[in-house]
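Asker: Numbering (this note's numbering), first residue to last: 2 to 220.
In this text, a Cβ means the ideal position worked out from N, Cα and C, and glycines have one as well.
The structure displayed is predicted, hence computed values, not measured ones.
Supplied in structure tokens, the structure appears directly below.
Okay, here's the thing in structure tokens:
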């Protein structure tokens with residue numbers, strides 16, 4: 002079962018469950034399941050927010066994170082160009098559920114899943130887990146293969162300048178990871194990127210030019 006299809010523990014068969022992936026979905030689903038059955042969680046988290054979500058320190062902390070992700074860690078700054086790819090190369094940090102919450106719930110942490118043997122998951126350390134259920138919380142991957150234009154790099158990602166396809170300026174994107182900033186795949190960043198793309202489309206419609214607008218437009 003993939004996390005996108007998970008709704009409640011009633012979907013599962015009786016018996017133990019292995020949750021694969023320690024992102025926010027994996028942590029929250031495993032915590033819920035641990036109330037009714039033995040739950041194992043495979044993988045390693047990509048860090049966690051050090052303050053409790055919703056607390057006063059978190060409110061101020063998130064404002065700082067939001068400012069950094071929206072104004073500092075962008076493709077328009079040296080630190081953004083250097084740190085951005087590293088920050089997006091792994092999963093998001095845990096926000097609501099922290100490692101100590103998983104331990105308190107009695108969830109068993111196990112290494113990554115390395116393969117399958119007779120229909121059962123095999124861990125990196127060689128153990129074969131005899132579990133009745135497996136929930137995959139391994140995230141998602143973009144797929145732009147349906148775009149029949151020479152606008153994709155060898156890794157399948159669009160080649161663009163702030164969302165505008167470099168070889169086809171009439172094609173634009175919004176919501177890409179690190180499209181312009183670390184906030185580009187969340188609402189504040191999407192709004193700014195959308196304004197930039199809309200300005201580009203408007204300028205092309207008015208002038209017929211294929212030139213891109215300046216990168217400091219629509220901040």
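Once the 5 residues before and after residue 134 are set aside, which same chain residues still bring their CB inside 8 Å of it?
Answerer: These residues qualify, in order along the chain: 2, 13, 14, 16, 17, 18, 19.
Asker: Residue 122 lies in the beta strand (DSSP E); which residues open and close that run?
Answerer: Its beta strand (DSSP E) spans residues 121-124.
Asker: Would you list, in sequence order, the uninterrupted beta strand (DSSP E) runs of no fewer than 3 residues that lie entirely inside the segment 128-173?
Answerer: Those beta strand (DSSP E) runs which fall completely within the segment 128-173 and span 3+ residues are 134-137.
Asker: Are residue 96 and residue 50 closer than 9 Å when you measure CB to CB?
Answerer: Yes.
Asker: Apply the 10 Å Cβ neighbour rule to residue 168 and answer buried if 16 or more other Cβ atoms are within range, or exposed otherwise.
Answerer: It counts as exposed.
Asker: With the cut-off set at 9 Å, would you say residue 69 and residue 132 are in Cβ contact?
Answerer: No. Outside cutoff.
Asker: Within a Cβ cutoff of 7 Å, which residues of the same chain sit near residue 129, ignoring the five residues on either side of it in sequence?
Answerer: So the qualifying residues of the chain are 118, 121, 123.
Asker: Would you grab the beta carbon distance between residue 35 and residue 107 for me? Rounded to a whole angstrom, and I think it's under 8 Å.
Answerer: Correct: roughly 6 Å between the Cβ atoms.
Asker: Quick check: is any heavy atom of the ligand SAM less than 8 Å from the C-beta of residue 158?
Answerer: Among the components modelled here there is no ligand, and therefore nothing to report on the ligand SAM.
Asker: Could you say which of 166, 77, 11 lies nearest to residue 150 if we only look at CA atoms?
Answerer: The option with the nearest alpha carbon to residue 150 is 166.
Asker: Any idea if residue 155 is buried or exposed, counting beta-carbon neighbours within 10 angstroms, 16 or more meaning buried?
Answerer: Answer is exposed; the Cβ neighbour count stays below 16.
Asker: Rounded to whole angstroms, what's the CA-CA distance from residue 92 to residue 81? Just pull it up for me.
Answerer: Their backbone Cα atoms lie some 18 Å apart in a straight line.
Asker: Let me know the alpha helix (DSSP H) ranges lying completely inside the segment 13-72, each 4 residues or longer, listed in chain order.
Answerer: Those alpha helix (DSSP H) runs which fall completely within the segment 13-72 and span 4+ residues are 25-34, 57-68.
Asker: Quick check on the DSSP output: the alpha helix (DSSP H) that includes residue 106 runs from which residue to which?
Answerer: No alpha helix (DSSP H) holds residue 106; DSSP gives it neither H nor E.
Asker: Determine the contact status of residue 103 and residue 199, defining contact as a CB-CB distance below 9 Å.
Answerer: Contact: no.
Asker: Distance check for residue 24 and residue 45, CA to CA, integer angstroms please.
Answerer: The alpha-carbon atoms of residue 45 and residue 24 are separated by roughly 9 Å.
Asker: Just curious, the alpha helix (DSSP H) that residue 81 is in, first and last residue?
Answerer: Here the alpha helix (DSSP H) through residue 81 covers 79-88.
Asker: Could you tell me which of 173, 139, 186, 162 sits nearest to residue 77, measuring between CA atoms?
Answerer: Among 173, 139, 186, 162, the Cα nearest to that of residue 77 belongs to 162.
Asker: Are residue 137 and residue 21 closer than 9 Å when you measure CB to CB?
Answerer: In this structure, residue 21 lies closer than 9 Å to residue 137 by Cβ.
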